[in-house]
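**Student:**
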Amino acid sequence: MPARPEVVFAGTNGGALDRVEDYEAAGGFRALAKARAMAPDDVIAELEVSGLRGRGGAFFPTGRKWAFVPKPEQLAKPHYLVVNADESEPGTFKDREIILRVPFRFLEGCLIAAYAIQSQHVFVYIRGEYEREFEVLRDALEAMRKRDLLGEITVVLHRGAGAYICGEETALLESLEGRRGQPRTKPPFPAIAGLYAAPTAVNNVESITTVTSVLELGAAEYATLGVENSTGTRVFSLSGDVVTPGNYELPHGITLRELIYDVGGGVPGGRDLKAIIPGGSSTAILTASEIDTPLDFDSLVKAGSSIGSAGVVVIDDRCCMVQLGIRVSQFYEHESCGKCTPCRVGTRWLTQILQKIEDGRSSQADLDLLLSVCDRILGKCLCPLGDSDAIAVASYVDRFRDEFQAHIETGRCPLGGDSSLEGILAPSAQHERHLHEVVHA
Amino acid sequence: MPDLVTLTVDDRQVEVPKGTGLVEAAQAAAIEIPVFCYEPRLGPPVGACRMCLVEIEGMPKLQAGCTLTAQDGMVVRTAATSASAAEGQESTLEFILVNHPLDCPVCDKGGECPLQDLTFRYGPGSTRMSFSKLTFDKPIPVSPLIALDRERCILCYRCTRFSEDVAEDGLLIARNRGAQSEIATFEDEPYRSPFSGNVIELCPVGALTSTLYRFEARPWDIQNVPTVCTGCSVGCNVSATIREGKVKRILSRNHPEIDRGWLCDKGRFTYPHLRATDRITTPLRRGPKGLEEITWDGALDSAEAMLREAEGGIVTALSGSETSEIAYALGRLLREGLGAHSAVLPEATSDALDAFRLPLSAIAEAELLVVVGDDPVVERAPIVDLWIKEAGRRGADVVTCSPTGTVQTQPGGGAELCRELSEPRNRLGRRLRRAARAVLIWSGPGGGGGARIAELAHDLGFDGKPGCGAFHLPATPNARGAAEAWSVAADQDEIDVDHVKLLVVSGDDAAAAPSVRSLAERADAVIVMTMFHELAGGWADLILPATAALERDGTTMNLEGRIQRLRRAVLSPCPDELTWISKLAERFDVDISPHAAGVFAKLAERLFRDLSLDEIGLHAPLPPRHAYETPAAATTPAPTPLPTPTDVHFVGELRLQRYQPLFSGPAVDRVPELSFQRPPREVELSAADANRRGIASGDAVLVRSNGTSVELRASVNRKLVDGVARVAAEHAADLHPSVEVLKS
Numbered sequence: 024m025p026a027r028p029e030v031v032f033a034g035t036n037g038g039a040l041d042r043v044e045d046y047e048a049a050g051g052f053r054a055l056a057k058a059r060a061m062a063p064d065d066v067i068a069e070l071e072v073s074g075l076r077g078r079g080g081a082f083f084p085t086g087r088k089w090a091f092v093p094k095p096e097q098l099a100k101p102h103y104l105v106v107n108a109d110e111s112e113p114g115t116f117k118d119r120e121i122i123l124r125v126p127f128r129f130l131e132g133c134l135i136a137a138y139a140i141q142s143q144h145v146f147v148y149i150r151g152e153y154e155r156e157f158e159v160l161r162d163a164l165e166a167m168r169k170r171d172l173l174g175e176i177t178v179v180l181h182r183g184a185g186a187y188i189c190g191e192e193t194a195l196l197e198s199l200e201g202r203r204g205q206p207r208t209k210p211p212f213p214a215i216a217g218l219y220a221a222p223t224a225v226n227n228v229e230s231i232t233t234v235t236s237v238l239e240l241g242a243a244e245y246a247t248l249g250v251e252n253s254t255g256t257r258v259f260s261l262s263g264d265v266v267t268p269g270n271y272e273l274p275h276g277i278t279l280r281e282l283i284y285d286v287g288g289g290v291p292g293g294r295d296l297k298a299i300i301p302g303g304s305s306t307a308i309l310t311a312s313e314i315d316t317p318l319d320f321d322s323l324v325k326a327g328s329s330i331g332s333a334g335v336v337v338i339d340d341r342c343c344m345v346q347l348g349i350r351v352s353q354f355y356e357h358e359s360c361g362k363c364t365p366c367r368v369g370t371r372w373l374t375q376i377l378q379k380i381e382d383g384r385s386s387q388a389d390l391d392l393l394l395s396v397c398d399r400i401l402g403k404c405l406c407p408l409g410d411s412d413a414i415a416v417a418s419y420v421d422r423f424r425d426e427f428q429a430h431i432e433t434g435r436c437p438l439g440g441d442s443s444l445e446g447i448l449a450p451s452a453q454h455e456r457h458l459h460e461v462v463h464a
Numbered sequence: 111m112p113d114l115v116t117l118t119v120d121d122r123q124v125e126v127p128k129g130t131g132l133v134e135a136a137q138a139a140a141i142e143i144p145v146f147c148y149e150p151r152l153g154p155p156v157g158a159c160r161m162c163l164v165e166i167e168g169m170p171k172l173q174a175g176c177t178l179t180a181q182d183g184m185v186v187r188t189a190a191t192s193a194s195a196a197e198g199q200e201s202t203l204e205f206i207l208v209n210h211p212l213d214c215p216v217c218d219k220g221g222e223c224p225l226q227d228l229t230f231r232y233g234p235g236s237t238r239m240s241f242s243k244l245t246f247d248k249p250i251p252v253s254p255l256i257a258l259d260r261e262r263c264i265l266c267y268r269c270t271r272f273s274e275d276v277a278e279d280g281l282l283i284a285r286n287r288g289a290q291s292e293i294a295t296f297e298d299e300p301y302r303s304p305f306s307g308n309v310i311e312l313c314p315v316g317a318l319t320s321t322l323y324r325f326e327a328r329p330w331d332i333q334n335v336p337t338v339c340t341g342c343s344v345g346c347n348v349s350a351t352i353r354e355g356k357v358k359r360i361l362s363r364n365h366p367e368i369d370r371g372w373l374c375d376k377g378r379f380t381y382p383h384l385r386a387t388d389r390i391t392t393p394l395r396r397g398p399k400g401l402e403e404i405t406w407d408g409a410l411d412s413a414e415a416m417l418r419e420a421e422g423g424i425v426t427a428l429s430g431s432e433t434s435e436i437a438y439a440l441g442r443l444l445r446e447g448l449g450a451h452s453a454v455l456p457e458a459t460s461d462a463l464d465a466f467r468l469p470l471s472a473i474a475e476a477e478l479l480v481v482v483g484d485d486p487v488v489e490r491a492p493i494v495d496l497w498i499k500e501a502g503r504r505g506a507d508v509v510t511c512s513p514t515g516t517v518q519t520q521p522g523g524g525a526e527l528c529r530e531l532s533e534p535r536n537r538l539g540r541r542l543r544r545a546a547r548a549v550l551i552w553s554g555p556g557g558g559g560g561a562r563i564a565e566l567a568h569d570l571g572f573d574g575k576p577g578c579g580a581f582h583l584p585a586t587p588n589a590r591g592a593a594e595a596w597s598v599a600a601d602q603d604e605i606d607v608d609h610v611k612l613l614v615v616s617g618d619d620a621a622a623a624p625s626v627r628s629l630a631e632r633a634d635a636v637i638v639m640t641m642f643h644e645l646a647g648g649w650a651d652l653i654l655p656a657t658a659a660l661e662r663d664g665t666t667m668n669l670e671g672r673i674q675r676l677r678r679a680v681l682s683p684c685p686d687e688l689t690w691i692s693k694l695a696e697r698f699d700v701d702i703s704p705h706a707a708g709v710f711a712k713l714a715e716r717l718f719r720d721l722s723l724d725e726i727g728l729h730a731p732l733p734p735r736h737a738y739e740t741p742a743a744a745t746t747p748a749p750t751p752l753p754t755p756t757d758v759h760f761v762g763e764l765r766l767q768r769y770q771p772l773f774s775g776p777a778v779d780r781v782p783e784l785s786f787q788r789p790p791r792e793v794e795l796s797a798a799d800a801n802r803r804g805i806a807s808g809d810a811v812l813v814r815s816n817g818t819s820v821e822l823r824a825s826v827n828r829k830l831v832d833g834v835a836r837v838a839a840e841h842a843a844d845l846h847p848s849v850e851v852l853k854s
């Protein structure tokens with residue numbers, strides 16, 4: 024069993040630190056006091072030393088992102104902190120657990136971040152389906168307000184309306200402004216012209232929560248965790264064909280084998296591991312033979328994939344890779360915002376071609392076309408959504424070409440009726456259903 | 111000199127001003143970066159279509175060229191020299207064509223379609239798409255004027271950006287997501303905006319088409335004639351599309367200082383009135399059985415006889431809608447030939463504003479804009495409204511002083527407001543004095559043709575400030591040109607006519623003016639030149655068929671004082687005015703050219719400092735400013751302005767504000783597709799006035815004045831000043847200036 028130092032979930036003992044007294048008793052709000060005793064730039068410097076990088080998927084250094092936000096004396100506009108709590112990447116469900124279990128640590132991080140970028144306004148854009156999470160945050164915020172912890176800062180909880188694209192930072196800003204959720208072209212970057220064309224830092228829930236811990240532990244101490252270039256811990260969302268799925272906070276650099284077998288109990292029913300998606304549905308798939316790849320930024324890039332949002336999906340030998348492609352591609356097709364051509368058209372086309380292959384109606388030309396369409400999407404879209412589909416699908420063909428080939432040559436799915444995608448990334452139809460189940464507060 | 115940057119595009123070095131967009135920079139090197147969604151007039155680039163993908167040295171991925179600005183030392187490769195850019199552009203076209211129907215042979219856009227053109231230049235030769243294309247219900251009537259084909263739509267968002275960021279009506283929207291995204295109107299209501307037609311021209315494919323032009327012509331059997339719109343005093347530059355001698359559509363023709371390529375729906379969609387079934391094409395003379403058709407020779411004989419008989423008692427009612435050449439020719443005939451110097455014009459004119467002249471485009475640059483007058487700008491000069499909106503988007507402070515403005519005034523309160531602004535202690539006046547780029551606009555009746563706002567500009571010290579200026583929005587397109595042309599047609603002063611023996615009414619604006627009608631009642635005989643029966647059929651003794659602006663050669667002077675050229679787009683169904691005026695003048699020994707160019711040459715000699723038609727060209731230049739002179743009493747026999755209804759003294763509960771909506775007049779009346787744009791039958795009341803009377807929006811009410819009443823719907827206008835009942839002229843019937851509004 025690997026060592027499991029807890030930073031994000033420190034002091035929870037597997038439960039929730041969701042009462043303000045308990046959090047305070049556990050040493051809560053000390054990081055905020057510590058930060059407020061520092062100069063804002065020193066807080067940013069502290070973050071740079073910690074090596075903390077964005078947990079939303081892009082892995083951009085958090086301190087550097089804040090340093091890009093102009094000082095109020097350089098740009099006399101309101102400054103905004105926007106927290107991206109629109110967690111929607113299939114295979115990723117860490118932010119909801121963070122909000123439920125350590126809401127105060129998260130909100131404390133918001134206040135520290137706002138202090139660092141000299142902002143008086145915090146907007147938390149929370150996924151619309153996160154009903155309970157919203158309530159927890161609302162109550163936590165109320166408790167903090169009663170204790171006069173907010174100071175001059177306004178914290179707004181804004182609920183999304185069910186669009187994956189609003190997790191893309193510029194689309195999120197558009198949506199927050201009350202407009203259609205579609206990405207903006209960059210530059211200008213949000214740091215310069217973000218919310219209401221004013222300087223804005225956009226950070227993920229886990230990043231912000233970790234900020235509290237960094238201040239508490241001290242940057243140097245925090246940086247001892249993890250590995251080079253990927254310091255600290257990560258909340259891995261483990262799902263799919265694994266005995267004990269769930270969120271596990273572990274230091275960067277543990278291997279997939281340790282996570283899946285030592286922590287997650289391995290593949291159930293004695294079945295064979297077939298593949299692993301290491302960082303949410305948008306990352307390239309790995310084969311069972313790559314089980315010893317460490318879960319850190321550099322190692323996964325070396326393996327041709329990405330740590331993404333650290334949503335690890337375990338896939339056993341019952342899964343048809345073409346069907347998996349359809350499931351993933353349908354998701355991106357369904358969530359494409361429709362703004363740019365390659366994504367709007369390409370994601371749908373990919374699904375159609377994959378379906379044709381799965382149905383056994385395809386020829387070799389269709390496989391070539393599939394890869395060509397992936398290639399024509401890749402790097403040509405306005406935002407990473409289209410790329411995600413292309414990267415995922417192309418990686419399935421790359422790693423499991425024989426299986427695709429078998430579909431074409433035999434005219435049927437080699438796994439026949441035995442294929443199962445049960446528990447592997449929710450099908451897009453399931454996303455649609457959520458919309459109507461939401462009970463409005 | 112602006113800072114320059116040097117970049118390389120396809121191995122060609124080019125120097126452009128700093129901040130130039132990459133598309134324009136490439137253009138400067140004669141290199142095309144193809145685009146669909148990019149349209150700088152719509153605001154910042156959106157990078158949606160991905161047609162403009164280019165390779166930039168030092169950047170790992172292809173970049174959307176339209177979203178970049180030229181940087182010093184930038185090395186750009188387009189499809190011409192970069193295989194990956196070529197592949198990128200082919201990819202985009204392949205994706206667009208996956209769902210775009212290949213119905214070019216029956217598509218209105220076919221032959222003048224950017225998608226078609228770029229597909230030929232950059233697209234794949236064949237398709238790899240083997241699935242069914244996406245289908246949508248079509249065509250969708252976005253409004254009675256515009257049909258939407260969602261299958262052809264490539265989602266460039268030009269139309270929605272126009273609606274949101276230029277016209278600011280927010281009525282066109284994109285809805286749904288991904289492949290199911292579609293253009294729609296908000297709540298599926300008709301797209302009712304004075305500027306709706308622009309989206310047809312903006313559409314780079316055949317998705318938004320004009321219901322009036324649909325299936326009427328193909329691009330290879332039309333000619334486009336460059337002319338000028340006379341729908342209002344702006345004088346937007348337009349092209350008239352002609353097929354087989356008929357006007358089939360009107361397109362904008364970008365004059366960057368006047369219209370920037372936008373056109374209002376009145377200018378765009380009223381051309382069908384040329385072929386209205388009730389158009390008069392043969393002269394009519396009142397006989398024992400009413401008006402009877404006569405020959406042109408007979409008409410000229412009658413006119414000659416009437417003129418000779420009335421000598422010494424002739425008054426001419428000019429129109430602001432005729433060309434300067436017609437006014438001049440009439441002046442020569444009536445003044446030189448008959449000594450009939452008296453003329454009236456439905457509105458006042460003035461040259462005082464020449465001292466504060468600016469191009470209309472300068473409005474967008476203003477930091478402070480003050481609009482004074484009773485009428486919303488959009489009703490009088492719609493394109494000016496777009497310039498004002500742009501100024502607002504750029505951060506200008508726009509202050510509207512009107513019955514519905516940000517500063518509320520009573521109807522007719524403009525003059526008083528100008529007096530207040532000119533006082534040294536007035537706060538807004540002080541800001542106007544301080545500003546480097548302040549613009550004043552008079553929008554409404556009673557402005558003395560611009561004299562009043564010019565006086566204010568002078569008082570505020572605008573004389574020596576090149577960034578400050580003032581505009582007056584006349585009610586008609588060429589009132590000043592007509593008045594000045596009439597004035598210089600002869601030298602003698604005006605003689606007072608106490609008994610009007612003959613009234614000569616020239617043009618529809620004059621014929622429709624109530625003040626001209628009452629003058630006609632006092633005249634022994636009336637000659638009217640008009641296009642339509644209804645305007646003068648009841649009171650004219652001789653009707654001579656008039657031509658429409660699209661059938662005329664000549665010049666007009668717009669509200670900036672810019673002289674622009676009309677070109678005959680189609681032949682008129684009757685001889686044009688200059689032809690018969692010239693013939694009639696011969697009988698009075700007056701020599702007038704039957705051709706507009708000939709008349710213009712004389713006019714230019716006397717009025718326009720020998721300006722030539724070549725100098726006017728396709729995009730007329732703006733004359734320089736003149737020094738401001740305090741207006742003296744007119745010495746030349748300029749046409750007398752007739753009183754406007756708001757000049758009438760008022761006593762009572764509510765003051766009737768009768769306004770002339772943009773969508774009104776004989777031409778609009780004859781285009782049924784435009785009727786949805788007309789104001790509803792309603793009376794607008796302030797919230798307080800409505801409350802006091804227990805009236806809510808939508809209630810049926812009776813608008814009553816001494817002895818007459820009209821039934822209308824109430825509409826509570828929260829911006830309207832108290833004490834006013836606002837009704838479109840066409841629904842106000844014979845109501846008096848003081849009215850009462852009661853729930854019926």
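As you go down the protein sequences, you meet chains L and F in turn. Everything in the first sequence is counted per this note's numbering, starting at 24 for the first residue and increasing by one. Everything in the second sequence is counted per this note's numbering, starting at 111 for the first residue and increasing by one. For each residue, glycine too, the CB sits at the ideal point set by N, CA and C.
Quick one: is ILE277(L) buried, meaning 16 or more other Cβ sit within 10 Å of its Cβ, or exposed?
**Tutor:** In the first sequence, residue 277(L) corresponds to position 254, counting from 1. Per the 10 Å Cβ criterion, buried.
**Student:** If the cut is a Cβ gap below 9 Å, which residues of chain F does LYS100(L) touch?
**Tutor:** Translated into the one-based positions of the first sequence, residue 100(L) becomes position 77. Neighbours of LYS100(L) on chain F: none; closest Cβ ~13 Å, over 9 Å.
**Student:** For my contact list, SER429(F) and GLY617(F) are in at a C-beta cut-off of 8 Å; report their separation, rounded to the angstrom.
**Tutor:** Numbered from its first residue, the second sequence carries residue 429(F) at position 319. Numbered from its first residue, the second sequence carries residue 617(F) at position 507. SER429(F) to GLY617(F), Cβ: 3 Å. Contact.
**Student:** Since LYS356(F) contacts VAL781(F) with CB under 8 Å, what's their CB separation in whole angstroms?
**Tutor:** Numbered from 1 along the second sequence, position 246 holds the residue referred to as residue 356(F). Numbered from 1 along the second sequence, position 671 holds the residue referred to as residue 781(F). Not confirmed; about 15 Å, so no contact.
**Student:** For CYS159(F), which residues in chain L fall below 7 Å Cβ to Cβ?
**Tutor:** Counting from 1 along the second sequence, the entry for residue 159(F) is found at position 49. Per Cβ cutoff of 7 Å: THR364.
**Student:** Quick one: residues in its chain with C-beta nearer than 7 Å to the C-beta of GLU670(F), no 5 flanking neighbours on either side, listed in chain order?
**Tutor:** Within the second sequence, numbered from 1, the residue matching residue 670(F) stands at position 560. Excluding residues within five positions, the ones whose Cβ falls inside 7 Å are ARG467, PRO469, LEU470 and LEU732.
**Student:** Name, going along the chain, the residues of the segment 137–160 of chain F whose beta-carbon falls closer than 7 Å to a beta-carbon of chain L.
**Tutor:** So the close ones are PRO155, VAL156, GLY157, ALA158, CYS159 and ARG160.
**Student:** By how many angstroms is the C-alpha of ASP120(F) removed from the C-alpha of ALA307(L)?
**Tutor:** Within the first sequence, residue 307(L) is the residue found at index 284, counting from 1. Within the second sequence, residue 120(F) is the residue found at index 10, counting from 1. Roughly 36 Å between the two C-alpha positions.
**Student:** Residues of chain L with CB under 8 Å from LYS128(F), in chain order?
**Tutor:** Counted from its first residue, the second sequence places residue 128(F) at position 18. By Cβ distance, chain L contributes nothing, its closest Cβ being about 16 Å from LYS128(F), past 8 Å.
**Student:** So, does the CB of ALA744(F) fall closer than 8 Å to a CB anywhere in chain L?
**Tutor:** Taking the first residue of the second sequence as position 1, residue 744(F) is located at position 634. With a pLDDT of only 43 at ALA744(F), under the threshold of 50, the placement of this residue in the model should not be trusted; the figure read from the coordinates follows. So no, ALA744(F) is outside the interface.
**Student:** Using 8 Å as the threshold, is the C-beta distance between VAL636(F) and ASP651(F) below it?
**Tutor:** One-based indexing of the second sequence puts residue 636(F) at position 526. One-based indexing of the second sequence puts residue 651(F) at position 541. Yes; because the gap between Cβ atoms is below 8 Å, this pair is in contact.
**Student:** I need the boundaries of the alpha helix (DSSP H) containing HIS430(L), first residue and last residue.
**Tutor:** Residue 430(L) sits at position 407 when you count from the first residue of the first sequence. Looking at the DSSP string, the run of the alpha helix (DSSP H) that includes HIS430(L) is 424–433.
**Student:** GLY402(L) versus chain F: which residues are under 9 Å apart at the beta carbon?
**Tutor:** Position 379 of the first sequence holds residue 402(L). Going along chain F in sequence order, the residues near GLY402(L) (Cβ under 9 Å) are PRO170, LYS171, LEU172 and GLY198.
**Student:** Suppose only complete runs of 3+ residues qualify. What are the beta strand (DSSP E) ranges in the segment 126–202 of chain L, listed by chain order?
**Tutor:** Complete beta strand (DSSP E) runs here, min 3: 144–149 and 177–182.
**Student:** Below 8 Å on the Cβ atoms is my contact criterion, and I expect ALA548(F) with LEU478(F) to pass it. Report the Cβ-Cβ distance as a whole number of Å.
**Tutor:** For this step, residue 548(F) is matched to residue 438 along the second sequence. For this step, residue 478(F) is matched to residue 368 along the second sequence. The Cβ separation is near 4 Å, so the contact holds.
**Student:** Identify the continuous alpha helix (DSSP H) that holds TRP497(F) and give its terminal residues.
**Tutor:** Walking along the second sequence from the start, residue 497(F) turns up at place 387. Run containing TRP497(F): 492–503, per the alpha helix (DSSP H) assignment.
**Student:** In terms of alpha-carbon separation, which member of GLN97(L), GLY79(L) and SER73(L) lies closest to ARG87(L)?
**Tutor:** Locating residue 87(L) in the first sequence gives position 64, counting from the first residue. The residue with the shortest Cα to Cα distance from ARG87(L) is SER73(L).
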